[in-house]
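Here is the structure we will look at.
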Amino acid sequence: MPLDNPVGSVCAAIDRYVGLSDMAPAQRRRAMAAQVSAALNLVPVTAAAAVPAAALLLFSAWGNARFSIVAGLLTVFVLLQLAATRLWWQRRHVREAEPGLRGAVRQLCAIATLLGLNWGVLLAVMVPATDTQMLVIVAAILTAGMLIVGFVFAAMAQAMLSFIAASGIAALTGLALQPVDQAIGSTMALVVLYLVFMPWVGLQMARVFMAGIGGEVRQKEIADLNHRLLSGYEETASEWFWETDESGRTVRVSPRLRQRLSLPSDAGVPLFRLLSQAAVPGDTGIDAIRAAMNERKPFHGAEVAVSVAGEVRWWRVSGKPTSIDSHGAPGFVGTVSDVTAEKATESKIIQLAHRDTLTGLYNRASFTERLEASVRTLERYGTPFSLLFLDLDKFKLVNDTYGHPIGDKLLLEVANRVLEAVRSEDCVARLGGDEFAIIIERSNDAVFAAKLASRLIARVLEPYHIEGETLWIGVSVGIALAPQHGTRPEQILRNADLALYRAKEDGRGVFRYFEAQMDFAQRERRILEQEMHQALEEEEFRLCYQPMISADSGYICCMEALIRWDHPIRGEISPGEFISIAEQSNLIVEIGKWTLLTACRAAADWPDNVCVSVNVAATHFMRSDIVADVAAVLEATGLDGRRLEIEITEGLLIEDSEDVINRLAALKRLGCAIVMDDFGTGYSSLSYLLKFPFDRLKIDQSFIADIGRGASARAILMAIASLGENLGIKITAEGVETREQLSFLQDIACDQLQGYLFSQPVPHADVAPMMLRNFIDTSALVALPQDETARTRSTG
113 MPLDNPVGSV
123 CAAIDRYVGL
133 SDMAPAQRRR
143 AMAAQVSAAL
153 NLVPVTAAAA
163 VPAAALLLFS
173 AWGNARFSIV
183 AGLLTVFVLL
193 QLAATRLWWQ
203 RRHVREAEPG
213 LRGAVRQLCA
223 IATLLGLNWG
233 VLLAVMVPAT
243 DTQMLVIVAA
253 ILTAGMLIVG
263 FVFAAMAQAM
273 LSFIAASGIA
283 ALTGLALQPV
293 DQAIGSTMAL
303 VVLYLVFMPW
313 VGLQMARVFM
323 AGIGGEVRQK
333 EIADLNHRLL
343 SGYEETASEW
353 FWETDESGRT
363 VRVSPRLRQR
373 LSLPSDAGVP
383 LFRLLSQAAV
393 PGDTGIDAIR
403 AAMNERKPFH
413 GAEVAVSVAG
423 EVRWWRVSGK
433 PTSIDSHGAP
443 GFVGTVSDVT
453 AEKATESKII
463 QLAHRDTLTG
473 LYNRASFTER
483 LEASVRTLER
493 YGTPFSLLFL
503 DLDKFKLVND
513 TYGHPIGDKL
523 LLEVANRVLE
533 AVRSEDCVAR
543 LGGDEFAIII
553 ERSNDAVFAA
563 KLASRLIARV
573 LEPYHIEGET
583 LWIGVSVGIA
593 LAPQHGTRPE
603 QILRNADLAL
613 YRAKEDGRGV
623 FRYFEAQMDF
633 AQRERRILEQ
643 EMHQALEEEE
653 FRLCYQPMIS
663 ADSGYICCME
673 ALIRWDHPIR
683 GEISPGEFIS
693 IAEQSNLIVE
703 IGKWTLLTAC
713 RAAADWPDNV
723 CVSVNVAATH
733 FMRSDIVADV
743 AAVLEATGLD
753 GRRLEIEITE
763 GLLIEDSEDV
773 INRLAALKRL
783 GCAIVMDDFG
793 TGYSSLSYLL
803 KFPFDRLKID
813 QSFIADIGRG
823 ASARAILMAI
833 ASLGENLGIK
843 ITAEGVETRE
853 QLSFLQDIAC
863 DQLQGYLFSQ
873 PVPHADVAPM
883 MLRNFIDTSA
893 LVALPQDETA
903 RTRSTG
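Under my numbering, the residue at position 590 of the sequence shown is numbered 702, and the numbers go up by one with no gaps.
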């Protein structure tokens, strides 16, 4: 301990000898605390022994002339022991960082010095005054007291040396003042030996003690460091630590885990019971933990669903046995981590892999798995099932008109309605876009499937109220029954799809079963599609032209190009047979380009006042860059764009009206006239006439055929003609076959006329002779039989 020189130098030398000065400041504080604690812990024992020793010494001095001196010295001795006992009581819980630690060292050194002086003077006073009979007893007591007190302070070298020095010097000084005799001489010799050997023995004991204290201090520092590191890690890490004894009771639990388990302290509670109380009823993960702990085996990653503050959380528990204790049974040490977020992510990944993100229904991949599983069950146990394909009607119109957010909400509502109509064990999937599929488990009852399809059609047809809009759509359903309609997944899928195709062909909003002839028709379509590829290469397609007659002059003002297919085996194939097949593939684009090029090349040889009209299919229009296609054809043929008329149907405007109108405007900038074909049928809407300035409207021939059958058709035709006149749009009437129809159409001021009354479609070679003919001249009209039926036209 640092004191003023020279005492401070002596103390520093003592500290160096016993190893105290080699320690770091924090370690030195710990060692000093251990010194004080070791010295004070023996004080109560020495104090208890001091009272009978003092009483015995006082008894031996009874009647002695120095009795009063002995009594006074013993009284001081007892008081000093009481002072040491009081200090022990005050500082029985000494801590290294506690203020006053150095003061306690000074107090112990002071008490040791005073005790040494007291005991040395007592020895010098009592030995000469004690008779021979009591001398041995007195000497033994005094010597034992000096040794005992010296060893009490052995943990603190300064206090020990202070006591030895004070007691020895006081005893020698007092004895030297007495008359010398044999007893005094012997006693002085013993005191000299005491002063010579006891400091060396005490220092060795202090050195050994300090070495042990140093090891303990370093171990405690390491333990404290580990504890701080572990506590810091536990504050931020997702893992919490626990430890149990051999009986499975907790001896250490991380604070955060203790808080979640509502555990007031670390020790004494069986870990398994804590986990069982927190676990959700029926959880099986807890059983794996119990089995492993009972068998004293390590376990890793046992997942337990627990309830924490009313919320279900997922914990992952791991543990392993610790070293075997004296009873042969190991405790356990392990970790707990909260993996709720991880489980939620896993669940989300699984859902994304198997579920449609918008509707929550099964996606195509999981639907395929369910279908394959149903087929395996069919093969193994003969368990039937049914497959329904659903395709929404008019959904694209709603999606394009109101936007994708509305469309998504509509799809979600449709999914909910479909789920409400089926059984819980049935599989409902969204295959993509507006296509859905249903697997009816364990039933191939046609009546049951029909009733379900009817419910679905009726339910989907009900109005939808979304964001203030009232929407209507429909659904078409195709049904395939297994095993009647197939025993392989791809076969059942194809047959359900064929049934759906037939439902859409039959007017939509209906259901159809698969029938064998559908498969035949599908094969026929595939064959025709393959042959059309060859037809383009072998130039089997040709164009015919049907004239459009000016109602004013009677001369040809335009020729409509109509495609024909001269099949080398089947002969001429009607466009009605192959155009729809071409539209289902990209062939329609190639055929459309060929038609445009061939028609414009032919028109380039005609008089400048005769135009050519080409039908452009909606699929060609949308799948290709139609503006670039037309521009390339005009440049290649040299035809003036004003002599080309592009005919489209109203259905094209429904697809994506804004994009279509932009393309039509670009075609008009090339000089082309835009004609709406088959006006009055399909999705007729006057709003289209306001959105885009059409050049001409072609009245569908169904209205012309009804002219002689009633007033309704006449009224409609008059209204259309009046509409065209007011909007500045020319009107063409197609399908004119009788003089009565011609007379009426002239009366309502139709601009152009087309039909068998004037001419059937003719080959390109026969066009030139027709150019100078006046078709309105009654002498030139050819009467046709009244049962003359349909002509065929193409779209390009």
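Just so it is clear, CB atoms sit at the ideal spot from N, CA and C, and this is done for glycine as well.
Indicate whether the contact test is met: 3 or more Cβ pairs, each with one atom in the segment 489-503 and one in the segment 602-609, closer than 8 Å. yes
Whose C-beta lies closer than 8 Å to the C-beta of residue 871 among residues of the same chain, with five residues either side of it excluded? 658, 659, 882, 887
On the DSSP bridge assignment, give the partners of residue 694 in chain order. Paired residues: none, contrary to the question.
Among 514, 407, 187, which one has its Cα closest to the Cα of residue 770? 514
Delimiting residues of the beta strand (DSSP E) encompassing residue 498: 497-505
Answer with buried or exposed for residue 754, where buried requires no fewer than 16 other C-beta atoms within 10 angstroms of its C-beta. exposed
Tell me whether residue 389 is buried or exposed, calling it buried when 16 or more other Cβ atoms sit within 10 Å of its Cβ. exposed
Curious, which full-length beta strand (DSSP E) runs of at least 3 residues does the segment 602-646 contain? 623-625
Excluding five sequence neighbours on each side, which residues of the same chain lie with their C-beta closer than 7 Å to the C-beta of residue 847? 813, 816, 817, 867
Measure from the alpha carbon of residue 77 to the alpha carbon of each residue in 689, 694, 675, then state which is nearest. No answer is possible for residue 77: the residues shown for the chain start at 113 and end at 908.
Determine, using beta carbons only, whether residue 865 and residue 850 come nearer to each other than 8 Å. no
How long is the line joining the alpha carbons of residue 403 and residue 466, rounded to whole angstroms? 34 Å
Rank 884, 508, 463, 445 by C-alpha distance to the C-alpha of residue 354 and give the top, closest one. 445
Continuous beta strand (DSSP E) assignments of at least 3 residues falling wholly in the segment 833-879: 842-845
Quick check on this structure: which residue in 470, 785, 180 has the alpha carbon closest to the alpha carbon of residue 915? No statement about residue 915 is possible, as the shown extent of the chain runs from 113 to 908 and does not include it.
For residue 542 and residue 468, believed in contact at Cβ under 8 Å, the rounded distance: 4 Å
Starting from the C-beta of residue 424, find all residues in its chain whose C-beta is less than 7 Å away, skip the five residues before and the five after it, and write them out in chain order. 392, 417
Sort 615, 580, 187, 362 by Cα distance to residue 592 and report the nearest one. 615
Evaluate contact between the segment 853-860 and the segment 638-658, counting only Cβ atoms and requiring at least three cross-stretch pairs below 8 Å. no
In the DSSP assignment, find the alpha helix (DSSP H) that holds residue 660 and state where it starts and stops. Where residue 660 is concerned, there is no enclosing alpha helix (DSSP H), although the beta strand (DSSP E) it sits in stretches over 653-662.
Proximity of residue 301 and residue 224 at Cβ, strictly below 8 Å: no
CB contact flag (residue 807, residue 727, <8 Å): no
N-terminal and C-terminal residue of the alpha helix (DSSP H) that residue 409 is part of: That residue, residue 409, is in no alpha helix (DSSP H); it is neither H nor E in DSSP.
What is the rounded straight-line gap between the Cα of residue 553 and the Cα of residue 546? 23 Å
Residue burial classification, residue 279 (beta-carbon count within 10 angstroms, cutoff 16): buried
According to DSSP, simplified to helix, strand and coil, what is residue 815? helix
Residue 645, buried or exposed, once every other Cβ within 10 Å from all chains shown has been counted against 16: exposed
Closest Cα partner of residue 454 within the set 473, 321, 427: 427
Go through its chain and collect everything with a Cβ distance to residue 437's Cβ below 6 Å, but skip five positions before and after it. Confidence is the limiting factor: at residue 437 the pLDDT is only 48, short of 50, which leaves the residue's position unreliable and the question unanswerable from this model.
In or out: residue 198 buried (at least 16 other Cβ within 10 Å) or exposed? exposed
Alpha carbon of residue 372 to alpha carbon of residue 525, nearest angstrom: 42 Å
Buried or exposed by the 16-neighbour rule on C-beta atoms within 10 Å, applied to residue 889: exposed
Per DSSP, what kind of secondary structure is residue 883 in: helix, strand or coil? coil
Do residue 443 and residue 405 come within 8 Å of each other at the CB atom, strictly closer than that value? no
Taking one C-beta from the segment 756-764 and one from the segment 724-740 each time, how about it: are there three or more such pairs within less than 8 Å? yes
Which residues in the same chain as residue 926 place their Cβ atom closer than 6 Å to its Cβ, once the five residues preceding and following it in sequence are excluded? Outside the displayed span of the chain (113 to 908) sits residue 926, for which this structure offers no information.
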